[in-house]
Each structure stands twice: as C-alpha cells, then as structure tokens.
Amino acid sequence: MKNRRTFIKNSLGLAAGLAVAQAGYGGAVFRDLSLQAFQFKLETLPYAYQALEPAIDAQTMQIHHERHYATYVKTANEAIQAENVQSANEKDLFKAIDTYSAKLRNNAGGAYNHAFFWKTLRAPQKDNRPTGSLAAAIDKDFGSFAQFQDAFTKAATQQFGSGWAWLVLDAGKLKVGGTPNQDNPLMKGVALQGQPLLGLDVWEHAYYLKYQNKRPDYVAGFWSIVNWPQVQKHFDAK
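For reference, each letter of the sequence shown is one residue, going -21 to -1, 1 to 217 in mature numbering (1 follows the signal peptide of the UniProt record, and there is no 0).
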C-alpha cells in the first residue's frame, strides 16, 4: 500500500512537471532546441510603397523591401540553422556575434537593421520634429534639434561606403554615429554602442534610383519622413 501511495505521488509530481514544461515551452514537452532557435521574421511594411514619396520613391521601397531585405532575412535564418545558433532573440545573437560567421553577421544585421528602419519612417510631415521628453533630451545632449540634425547628417554623409547612421541611447546619454556594412550598435565590438532609437540606411540601394550619387540630398529628404512618435517609443523603453 505504501509503495502504491509513493508511486501515485511520484506520478503526480511528474505530471505537474510536464505541465510546467508544456507551459514554458509552448506545449513542447521535450523541445529540440535546434528546431526552436530564434529566427528572423519577414516584416511587412506599415505603409504602402509610395507612402514616403517624394523623399523615397515607390520603386526603391519595393526593391529594397522585397529583394534586399527579404534576402537578408532568408540568408540569416539559413545561417542560424547551419551554425546551430541558440540565441533567444536578436539582442542575444548580437552580443555573441563575433563568435559566428561573417555570413551570419552581415545578414542578421541586415535583417534587424531594415526591420528597425521600416518602423521609424512615415508619410512626409511638415516641420517634422520630436516633442516631449525626447525633444528635451536632444536639446540637453546636442544643444538644439538643429545641432542634432547637423551631427546626424554628418554621420550619414561621411560614412564611407555602405553603412548606417544612428541615434542611440547609451548610459542615459544620446549619441550619434555610423556603422559599416550591416553592423549596428547592439553588436559586440562595434565602436558605436547603445540602444538604437533611429537609424538611416546609407547603402546605395536605399537611394540610388532617385538620388544617384547625391547622398546628402537623400539625407535631407529623410528628415520629413522620420516617425518621431516611434522614436519616442524607443526612447521611453530605455
């Protein structure tokens, strides 16, 4: 009788443990981590391809999203599987990015950077600028919104070759700077560190159809389409 009670008690404990495992792992009792590793998702644009005109033309947006970005996502996920990456999310992946291949670094960066970029754009606005706590922080750390624009524009136009310009929050302070290729400020070892708030793609594929080699004109047009409410959300999440 005692042995039966012990068996029932142990069985109930095992059942409870399995229930917890199911809850914690999305219903998979014995999870194969190699099948459940983090993967990038192909994000849809939150606006039509032509919504950013005249700052960015519809054809550029379609090619940029459907070809360049989609390729980054596909190739990054292939590399994640091939290299048996077990990161929980992109931030964990970027913390250890120096331990993986250049293929994964470049394509994971491209997948993350573009998904981030799409969300920080919107239809052109007149006198487009931040408000509230973000505006106050920009004034505090740069002197004025105009001085911030000058610093960001310099980072974007002087980024040699392909890369990105960023506004980041690092240890409570706003900073601007650039990263080469598809690097971003979340990656271990990158000179510009911090939580990205705003990013601008300065690869030629982002602007060449409309602006050719005139990157400064592309950057000037960018200011009318910055989604400052979204940048404020990034700032509030600090």
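Yeah, the Cβ is synthetic: ideal placement off N, Cα and C, and Gly gets one too.
Predicted, not measured: the structure shown is a model, and the values here were computed from it.
Query - Neighbour-count burial assignment, G157, 16 or more Cβ in a 10 Å radius - result: Working through the sequence shown from its first residue, we reach residue 157 at position 178. Looking at its Cβ environment, which holds 16 or more other Cβ atoms inside 10 Å, G157 is buried.
Query raised in the report: Are the beta-carbon atoms belonging to Q209 and T99 less than 7 Å from one another?
Result: Reading the sequence shown from its first residue, position 230 is the one you call residue 209. Reading the sequence shown from its first residue, position 120 is the one you call residue 99. Contact flag set, yes.
Report task. Would you mind working out which of L113, W202, K154 sits nearest A216, comparing C-alpha positions? Result -> What you label residue 216 is simply residue 237 of the sequence shown in a count that begins at 1. It is L113.
Query raised in the report: Who pairs with K152 in a beta bridge, going by DSSP?
Result: Within the sequence shown, residue 152 is the residue found at index 173, counting from 1. K152 is bridged to D149.
Report task. Drop a sphere of 10 angstroms on the beta-carbon of P164, count the other beta-carbons inside from all chains shown, and report buried for 16 or more, exposed for fewer. Result -> Mapped onto the sequence shown, residue 164 falls at position 185. P164 comes out buried.
**Report entry** Nearest neighbour of Q191, chosen from A116, D36, Q128, K152 [CA to CA]
**Finding:** Working through the sequence shown from its first residue, we reach residue 191 at position 212. Answer by Cα proximity: D36.
Query raised in the report: In this structure, does DSSP put D215 in helix, strand or coil?
Result: Here residue 215 refers to the residue found at position 236 when the sequence shown is read from its first residue. In the structure shown, D215 sits in a helix (DSSP, three-state: H, G or I).
Query raised in the report: In terms of alpha-carbon separation, which member of Y48, L179, Q18 lies closest to L24?
Result: Taking the sequence shown and counting its residues from 1, the one referred to as residue 24 is at position 45. Nearest of Y48, L179, Q18 to L24, Cα basis: Y48.
Query raised in the report: Around the C-beta of residue 238, are 16 or more other C-beta atoms found within 10 angstroms, so that it is buried, or is it exposed?
Result: Residue 238 cannot be examined here, being either before or after the span of the chain that is shown, -21 to 217.
Query raised in the report: In or out: Q138 buried (at least 16 other Cβ within 10 Å) or exposed?
Result: Start at 1 with the first residue of the sequence shown, and residue 138 comes out as number 159. Flag for Q138 reads buried.
**Report entry** Buried/exposed call for G(-5), threshold 16 Cβ in 10 Å
**Finding:** In the sequence shown, residue -5 corresponds to position 17, counting from 1. Residue placement at G(-5) is flagged as unreliable, the pLDDT there being 38, under the threshold of 50; a coordinate-derived value is accordingly withheld.
Query raised in the report: Would you say P109 and W207 are within 7 Å of each other, going by their C-beta atoms?
Result: Within the sequence shown, numbered from 1, the residue matching residue 109 stands at position 130. Within the sequence shown, numbered from 1, the residue matching residue 207 stands at position 228. In contact: P109 and W207 (Cβ atoms closer than 7 Å).
Query raised in the report: For L179 versus F201, is the C-beta spacing smaller than 7 Å?
Result: Taking the first residue of the sequence shown as position 1, residue 179 is located at position 200. Taking the first residue of the sequence shown as position 1, residue 201 is located at position 222. Yes; because the gap between Cβ atoms is below 7 Å, this pair is in contact.
Query raised in the report: Are E69 and Y91 close, meaning C-beta to C-beta below 7 Å?
Result: Within the sequence shown, the letter at position 90 stands for residue 69. Within the sequence shown, the letter at position 112 stands for residue 91. Going by beta carbons, E69 and Y91 fall inside the 7 Å limit.
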